[in-house]
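K.L.:
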Amino acid sequence: MRKKGFTLVELLAVIIIIGFIAALISPIVVNVINNARKDTFKNTAYGLKKAAEVKYADLEKESNIKNYIFYYNDGAETSNIEGVYLEYEGEKPQSGYIIINKEGDIALAIHNGKYCAQKGYYQSTITVSTKSANKCEIPFECGETLVDIRDGEEYKTIQIGDQCWFAENLRYVGEGENSCLTSGGKDYCNLDEFSSPPYNHCCFHNANSKTSYYINEDEIYTGKTFSEWDEPQVLYQWAAAMNLSEEFLVNPTIEQLWALERTQGMCPKGWVVPSLEDWIKLNMTVDSVHKNYEYWDDTHIDLGSDVGKKLKSSTYWDGTDSYGFNALPAGLRVVTEWVNGRLVNNGIWGRWWNSTFSHFDDDPMAVSWYLYAEYDEIGNYIVSVKYGGSIRCVKAN
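Each step along the sequence shown adds one to the number in our numbering, with nothing skipped, and position 32 is 80.
(1) From Ile158, Ala444, Asp369, Gly67, pick the residue whose C-alpha is nearest to that of Gln312; which is it?
(2) Just to confirm the assignment, what range does the beta strand (DSSP E) spanning Gly224 have?
(3) List, from N- to C-terminal side, the alpha helix (DSSP H) runs of 4 residues or more that fit wholly inside the segment 341–376.
(4) Ordered along the chain, which non-local residues of its own chain (more than five positions away) have a Cβ less than 7 Å from that of Ser416?
(5) With distances taken between CB atoms, is the gap from Asp345 to Leu330 smaller than 9 Å?
(6) Tell me the DSSP secondary structure of Lys167 in three-state form.
(7) Would you report the Cα separation of Gly144 and Ile65, rounded to the nearest angstrom?
(8) Ordered along the chain, which non-local residues of its own chain (more than five positions away) have a Cβ less than 8 Å from that of Gly427?
(9) Can you tell me which residues form a DSSP beta bridge with Tyr203?
(10) Select from Cys190, Lys234, Ile197, Gly232 the residue whose C-alpha is nearest the C-alpha of Phe214.
(11) Around the Cβ of Pro322, are there at least 16 other Cβ atoms within 10 angstroms (buried) or fewer (exposed)?
(12) With distances taken from CA atoms, which of Glu225, Ile148, Leu156 is nearest Ser293?
(13) Is there contact between the segment 110–122 and the segment 161–174, where contact requires at least three CB pairs shorter than 8 Å?
(14) Would Pro377 be called buried (16 or more neighbouring beta carbons within 10 Å of its own) or exposed?
(15) With C-beta atoms as the reference, is Cys212 less than 9 Å away from Val442?
(16) In angstroms, rounded to a whole number, what distance separates the CA positions of Gly222 and Arg440?
(17) On the criterion of 16 or more Cβ atoms from any shown chain inside 10 Å, does Gly379 qualify as buried, or is it exposed?
(18) In the DSSP output, which residue or residues are listed as bridge partners for Arg381?
(19) Looking at the unbroken beta strand (DSSP E) that takes in Val176, where does it start and where does it end?
(20) Give every residue of the same chain whose Cβ lies closer than 7 Å to the Cβ of Lys339, excluding the five residues on either side of it in the sequence, and list them in chain order.
(21) Do you know offhand how far Asn217's Cα is from Gly233's?
(22) To which residues of the same chain is Lys272 closer than 8 Å at the C-beta, ignoring the five residues directly before and after it?
(23) Comparing alpha-carbon positions, which option in Gly318, Gln142, Lys162, His253 lies nearest Asp196?
(24) Where does Glu241 sit, in a helix, a strand or coil, going by DSSP?
(25) What does the alpha-carbon distance come out to for the pair Lys86 and Val176?
(26) I'd like the list of long-range same chain contacts for Ile174, defined as Cβ closer than 8 Å, with 5 residues on each side in sequence excluded.
(27) Secondary structure at Ile113, three-state DSSP: helix, strand or coil?
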């Protein structure tokens with residue numbers, strides 16, 4: 049007797065049932081696969097952390113290195129020490145970096161194209177999430193030391209009101225052809241280059257630099273004997289502070305220059321060159337008397353009652369450093385017919401750029417803030433973008 053086959057209706061019913069079961073099972077299967085991939089990447093992250101611990105034991109005698117940084121790009125590893133790699137045999141991340149600080153603490157932010165693995169210096173566990181590679185960063189809380197992954201420099205940070213500031217002046221100068229340094233490099237400032245177009249240079253100097261002189265010789269501050277800075281100082285022309293290319297500087301419109309306000313400039317990712325508004329907020333928080341915005345929104349040589357005294361370092365000049373801002377009298381570089389880029393008033397003035405462009409005059413002008421020895425106030429100046437000043441970065445959000 050011949051067996052009866054499925055009818056068309058029965059076959060359709062079976063197909064529907066199979067499809068229904070598949071629809072129920074598919075998310076579960078996908079979830080199992082994704083969790084397996086996530087766990088695999090977490091194991092990779094822990095493996096790299098272990099490899100970093102082993103490598104630190106070999107490298108800790110390299111006292112001239114502040115931080116060891118291992119970079120990942122398209123699955124390839126490089127480091128800030130030529131020829132040094134982590135001894136890890138597994139698959140490398142697609143992007144990200146691992147940092148070992150001088151105490152041997154390890155932080156990481158790595159990405160495999162789907163998952164982000166993160167760990168702060170003082171965290172024991174690694175977290176894995178679906179953050180995009182662009183948002184995969186080492187966890188950071190204001191008050192911690194920030195390592196600039198571009199050059200390994202580290203910066204103290206400080207919370208003042210609702211703002212997070214660097215507690216040191218920026219020292220990043222770019223790399224290779226993109227460096228803002230003159231041809232003198234870190235050794236000396238080529239004044240001819242500094243005082244010539246396109247005015248996008250920067251120069252290093254130390255506390256007792258012999259190239260400095262004083263605008264008013266009878267006002268030289270003698271109240272404290274200066275020691276060397278903890279770190280060398282860098283003075284940037286405004287275009288260098290804003291990290292502007294020569295092509296951009298050929299003929300920018302004022303609208304383009306205004307649009308640069310509160311952008312990254314030379315600061316690390318996630319930080320910006322502060323705007324006029326950022327500095328006003330800082331002053332309103334710190335000053336004992338003047339808490340009104342309209343008071344600070346002015347260009348004047350002496351603003352506030354004691355904001356300058358509270359922001360200034362207590363080590364290098366006559367401040368109380370009440371908030372840990374540690375402002376230094378790093379001087380400035382002036383580009384005029386009679387100064388020509390030389391270091392001026394080192395040890396008695398400090399000057400910091402804003403990202404706020406002002407206007408075109410005989411020269412393009414931008415906003416800056418000054419602190420002076422023996423004055424408790426702060427000054428707000430609009431000056432030529434040719435001048436050289438310091439940068440204090442502020443957290444972007």
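Each residue gets a CB set at the ideal place from its N, CA and C atoms; glycine is no exception.
P.N.:
Short version:
(1) The residue given as residue 312 occupies position 264 in the sequence shown. Gln312 has its Cα closest to that of Ala444, out of Ile158, Ala444, Asp369, Gly67.
(2) Here residue 224 is taken as the residue at index 176 of the sequence shown, counted from 1. That residue, Gly224, is in no beta strand (DSSP E); it is neither H nor E in DSSP.
(3) Runs of the alpha helix (DSSP H) inside the segment 341–376: 341–344, 355–359.
(4) Mapped onto the sequence shown, residue 416 falls at position 368. Around Ser416: Arg399, Trp400, Trp401, Asn402, Tyr429, Val431, Gly437.
(5) By one-based count along the sequence shown, residue 345 stands at place 297. By one-based count along the sequence shown, residue 330 stands at place 282. No, the Cβ-Cβ distance between Asp345 and Leu330 is not below 9 Å.
(6) In the sequence shown, counting from the first residue as 1, residue 167 sits at position 119. Strand at Lys167.
(7) Here residue 144 refers to the residue found at position 96 when the sequence shown is read from its first residue. Here residue 65 refers to the residue found at position 17 when the sequence shown is read from its first residue. If you draw a straight line from the Cα of Gly144 to the Cα of Ile65, it is about 46 Å long.
(8) What you label residue 427 is simply residue 379 of the sequence shown in a count that begins at 1. Cβ neighbours of Gly427 within its own chain (closer than 8 Å, five residues either side excluded): His348, Ile349, Asp350, Leu351, Trp417, Tyr418, Leu419, Tyr420.
(9) The count along the sequence shown starts at 1 and reaches residue 203 at position 155. The beta-bridge partner set that DSSP reports for Tyr203 consists of Leu194.
(10) Your numbering for residue 214 matches position 166 in the sequence shown. Looking at the Cα atoms, Cys190 is the closest of the given residues.
(11) As a position in the sequence shown, residue 322 is number 274, starting the count at 1. So Pro322 ends up on the buried side.
(12) Counting from 1 along the sequence shown, the entry for residue 293 is found at position 245. A check of alpha carbon separations from Ser293 across Glu225, Ile148, Leu156 identifies Glu225 as the nearest.
(13) The segment 110–122 is not in contact with the segment 161–174.
(14) Against the sequence shown, residue 377 aligns to sequence position 329. Flag for Pro377 reads buried.
(15) Here residue 212 is taken as the residue at index 164 of the sequence shown, counted from 1. Here residue 442 is taken as the residue at index 394 of the sequence shown, counted from 1. Yes.
(16) Here residue 222 refers to the residue found at position 174 of the sequence shown. Here residue 440 refers to the residue found at position 392 of the sequence shown. One C-alpha to the other measures close to 16 Å.
(17) Within the sequence shown, residue 379 is the residue found at index 331, counting from 1. Here Gly379 is buried. Its C-beta has 16 or more other C-beta atoms within 10 Å.
(18) Working through the sequence shown from its first residue, we reach residue 381 at position 333. Per DSSP, Leu391, Gly436.
(19) Walking along the sequence shown from the start, residue 176 turns up at place 128. Val176 -> beta strand (DSSP E) spans 175–177.
(20) What you label residue 339 is simply residue 291 of the sequence shown in a count that begins at 1. Taken in chain order, the residues that qualify are Met332.
(21) The residue you call residue 217 lines up with position 169 of the sequence shown. The residue you call residue 233 lines up with position 185 of the sequence shown. Spanning the two alpha carbons is a distance of roughly 19 Å.
(22) Working through the sequence shown from its first residue, we reach residue 272 at position 224. Model confidence at Lys272 stands at a pLDDT of 48, short of 50, so the residue's coordinates are unreliable; what they give is reported in the following sentence. Contacts found: Tyr364, Trp365, Asp366.
(23) Reading the sequence shown from its first residue, position 148 is the one you call residue 196. Asp196 has its Cα closest to that of Gly318, out of Gly318, Gln142, Lys162, His253.
(24) Here residue 241 refers to the residue found at position 193 of the sequence shown. Three-state DSSP puts Glu241 in a helix.
(25) Mapped onto the sequence shown, residue 86 falls at position 38. Mapped onto the sequence shown, residue 176 falls at position 128. As the crow flies, the alpha-carbon of Lys86 is around 7 Å from that of Val176.
(26) Within the sequence shown, residue 174 is the residue found at index 126, counting from 1. Hits under 8 Å: Lys90, Ala93, Tyr94, Lys97, Leu156, Ala165, Gln166, Lys167.
(27) By 1-based counting over the sequence shown, the position of residue 113 is 65. Look at Ile113 here: in three-state DSSP terms it is coil, with no helix or strand label.
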